[in-house]
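These notes are about the structure you will find just below.
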Amino acid sequence: MAARMVAQVMNIYLCRTRFPDLPNCFPSAWFKSSYLRLCAFSCNHATEAIQKPENAALLSNLSVLGVDIKMAQKRQPGVFRKVVTNEEGVAEFLRSKGANCKTIASVISRYPRAITRSYHHLEERWQLWRSIFKTDSEIISIIERSPESYFRSSDNGNFEKNISFLYSLGLTSKDLHRILTTAPRAFSNSLELNKQMAKLLRDLGVSLGNENPDDFVKRIITKNAYILIRSTKRVKTNVDFFREALEPSNSELIKLLQGQGAEVLDLSTDYMKRNFKNISEQLYSLGCSTEEVQKFFLDYPPAFYASFEKLSNKIDCLLESGINIKQLLNKPRILEFSAINLKNRIKELERVGYDFTKHGVTILDSSRRRFEAKLGKLNKEE
DNA sequence: CCAACCGGGGTCTGCCATAGTA
DNA sequence: TACTATGGCAGACCCCGGTTGG
1 MAARMVAQVM NIYLCRTRFP DLPNCFPSAW FKSSYLRLCA FSCNHATEAI
51 QKPENAALLS NLSVLGVDIK MAQKRQPGVF RKVVTNEEGV AEFLRSKGAN
101 CKTIASVISR YPRAITRSYH HLEERWQLWR SIFKTDSEII SIIERSPESY
151 FRSSDNGNFE KNISFLYSLG LTSKDLHRIL TTAPRAFSNS LELNKQMAKL
201 LRDLGVSLGN ENPDDFVKRI ITKNAYILIR STKRVKTNVD FFREALEPSN
251 SELIKLLQGQ GAEVLDLSTD YMKRNFKNIS EQLYSLGCST EEVQKFFLDY
301 PPAFYASFEK LSNKIDCLLE SGINIKQLLN KPRILEFSAI NLKNRIKELE
351 RVGYDFTKHG VTILDSSRRR FEAKLGKLNK EE
């Protein structure tokens, strides 16, 4: 055991000679420290089990790298008591892939356990990521964003199995790219966990009488890259809540889940319930019936996650401009536009004397270009 | 020709709890 | 028994334009 560690550290140390072009920000002095620590370890390893103080050489190495040691210690204190770590190797590895010093320091500060990974492991993992990404810089930007996603798992085999599993669901390389970009954690899930989610979705499709449950699974994952990093419990609870609150038919529920509703599946259930309650109450107070409220949410699932305050403001603002609540219920998509955008559009329309009761509200549901073209015409007509 | 319908695109972690492991 | 690996949680939109049917 000790011999293996010795070999590993020697290897890491000797590795340095293969990378002579060091950046200025890594003074050469610190490359020796692992080796020195190794010597200390060799002398002391008999008593090593008794007490594991934090390793002074490690602290010094990290400080040279610019790591925020306080932050790192707070996050993963165990790493600081390890005898053998690979901070040089990890820094060198990241640098060789194009990361700058600041990024490296930030990555280790935020996920100290990274320094326990071997060079070989990192290179192997990198190749797996590169089977999905075209360039190193894409990967670096994700590591920068979320160090944990890259470093949390030591199981490259599992990562590989996840890739094949996702392909086996009928997802394309473009889909995998998207998932690894937006929810990289999904690939660090155990294969079993991902299978559970796929099974849950498939069973759901079957229970809804979907003719092609496999396609149903594929569609939902494609629509919502985050779903694989949610718990099956959450997804199940949310589907149950849809059923209870909206009383949809099977086909309505399928349509909801395969469409915008897929994104809503991963909301925290409490948040979703709270939003549903608040917005329903507002709609009731405006004279809507239960059926209308249910239809509103089916037609416009984003209402589940829109912040109540914002959505409520938008509704008020539209009503104040002479738009009828029924018009709004028929065209909930206009709520997707920001309040400021809607306000500006309404102001412009008022200027040309546009009458919502006469001409409807769909003019608000158009892209900037189309809206401006329409407005230009209205201006001319005047 | 134009309004209405509809799907798509970008994008998203950092922390805590705990079972498992050496 | 300390530490690692992994599961799970809270947080919370906006916009564009292709296609279609009248």
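Start counting the first sequence at 1; every next residue gets the next number (the working numbering).
Beta carbons are placed, not taken as given, at the ideal position from N, Cα and C, and that holds for glycine.
At what residue ranges does the region 255-326 contain a whole run of the alpha helix (DSSP H), taking only runs of 4 or more? If one requires a minimum length of 4 residues, the alpha helix (DSSP H) runs lying completely within the region 255-326 are 261-264, 269-285, 290-299 and 308-320, in chain order.
Looking at C-beta atoms only, is the number of pairs between the region 146-161 and the region 196-205 that lie closer than 8 Å three or more? no
Rank S146, F133, S190 and E192 by C-alpha distance to the C-alpha of D175 and give the top, closest one. Locating residue 175 in the first sequence gives position 175, counting from the first residue. Of the listed residues, the one whose Cα sits closest to D175 is F133.
Spatial neighbours of I69 within its chain, please: C-beta separation below 7 Å, excluding the five flanking residues on both sides. Taking the first sequence and counting its residues from 1, the one referred to as residue 69 is at position 69. Non-local C-beta neighbours of I69 in its own chain, meaning closer than 7 Å and more than five positions away in sequence, comprise L59, L62 and S63, ordered along the chain.
Is the Cβ-Cβ distance between A262 and I220 less than 8 Å? Numbered from its first residue, the first sequence carries residue 262 at position 262. Numbered from its first residue, the first sequence carries residue 220 at position 220. Note that the C-beta distance between A262 and I220 is below 8 Å.
Residue from S338, K343, R117 and E291 whose Cα sits closest to the Cα of V79: Your numbering for residue 79 matches position 79 in the first sequence. Among S338, K343, R117 and E291, the Cα nearest to that of V79 belongs to R117.
Assigned secondary structure, R117 (DSSP; H/G/I helix, E/B strand, else coil): As a position in the first sequence, residue 117 is number 117, starting the count at 1. R117 falls in the coil class under three-state DSSP.
Using only CA atoms, which one of L375, N324, I363 and N313 lies nearest to I334? One-based indexing of the first sequence puts residue 334 at position 334. Nearest of L375, N324, I363 and N313 to I334, Cα basis: I363.
Quick one: which unbroken alpha helix (DSSP H) runs of 4-plus residues sit fully inside the region 356-380? Chain order, please. 356-359
Decide if T85 is buried, meaning its Cβ has at least 16 other Cβ atoms within 10 Å, or exposed. Here residue 85 is taken as the residue at index 85 of the first sequence, counted from 1. Buried, by the Cβ-count rule.
For a test of the three-state rule: what should DSSP assign to V84, helix, strand or coil? Translated into positions along the first sequence, residue 84 becomes position 84. Coil at V84, not helix or strand.
Comparing C-alpha positions only, which one of D214, E211, D266 and I254 sits nearest to T237? As a first step, residue 237 must be located in the first sequence, where it is residue number 237. Here the closest residue by C-alpha is D266.
Along the chain, where does the alpha helix (DSSP H) containing F133 start, and where does it finish? The sequence position of residue 133 within the first sequence is 133, counting from 1. From DSSP, F133 is part of no alpha helix (DSSP H); its letter is neither H nor E.
How is D240 classed by DSSP in three states: helix, strand or coil? Position 240 of the first sequence holds residue 240. Helix, per DSSP.
CA nearest to the CA of S367, picked from L342, D240, P112 and F356: Translated into the one-based positions of the first sequence, residue 367 becomes position 367. For S367, the nearest C-alpha among the options comes from L342.
Chain-order list of residues whose beta-carbon lies under 7 Å from that of L378 (same chain, five-residue window excluded): Within the first sequence, the letter at position 378 stands for residue 378. Same-chain partners within the cutoff: V352 and Y354.
Classify M197 as buried or exposed, calling it buried when 16 or more other Cβ atoms lie within 10 Å of its own Cβ. Taking the first sequence and counting its residues from 1, one reaches residue 197 at position 197. M197 is buried by the Cβ-count criterion.
Rounding to the nearest angstrom, what Cα-Cα distance links K82 and E123 in this structure? Residue 82 sits at position 82 when you count from the first residue of the first sequence. Residue 123 sits at position 123 when you count from the first residue of the first sequence. Rounded to whole angstroms, K82 to E123 spans 22 Å at the Cα level.
For S149, count neighbouring C-beta atoms within 10 Å of its own C-beta (all shown protein chains included) and say buried if the count is 16 or more, exposed if not. Along the first sequence, one-based indexing puts residue 149 at 149. So S149 counts as buried.
From L171 to F356, what does the alpha carbon distance come to, in whole angstroms? Here the question's residue 171 lines up with position 171 in the first sequence. Here the question's residue 356 lines up with position 356 in the first sequence. Roughly 44 Å separates the two Cα atoms.
Output needed for N250: all residues of its chain with C-beta closer than 7 Å, excluding positions within five of it in sequence on either side, in chain order. Taking the first residue of the first sequence as 1, we reach residue 250 at position 250. Closer than 7 Å at Cβ, skipping near neighbours: L208 and G209.
When the Cα atoms are used, what is the spatial distance from R110 to Q127? Here the question's residue 110 lines up with position 110 in the first sequence. Here the question's residue 127 lines up with position 127 in the first sequence. Straight-line Cα distance between these residues: approximately 23 Å.
Can you list, in chain order, the residues of its chain with a C-beta nearer than 8 Å to that of R370? Leave out the 5 residues immediately preceding and following it. Translated into positions along the first sequence, residue 370 becomes position 370. None.
So which of T269, K295 and S312 has the shortest CA-CA distance to N278? Indexing the first sequence from 1 puts residue 278 at position 278. Ranking T269, K295 and S312 by Cα distance to N278 puts S312 first.
When the Cα atoms are used, what is the spatial distance from Q282 to D214? As a first step, residue 282 is located in the first sequence; it is residue number 282 there, counting from the start. As a first step, residue 214 is located in the first sequence; it is residue number 214 there, counting from the start. In this structure, the CA atom of Q282 is about 39 Å from the CA atom of D214.
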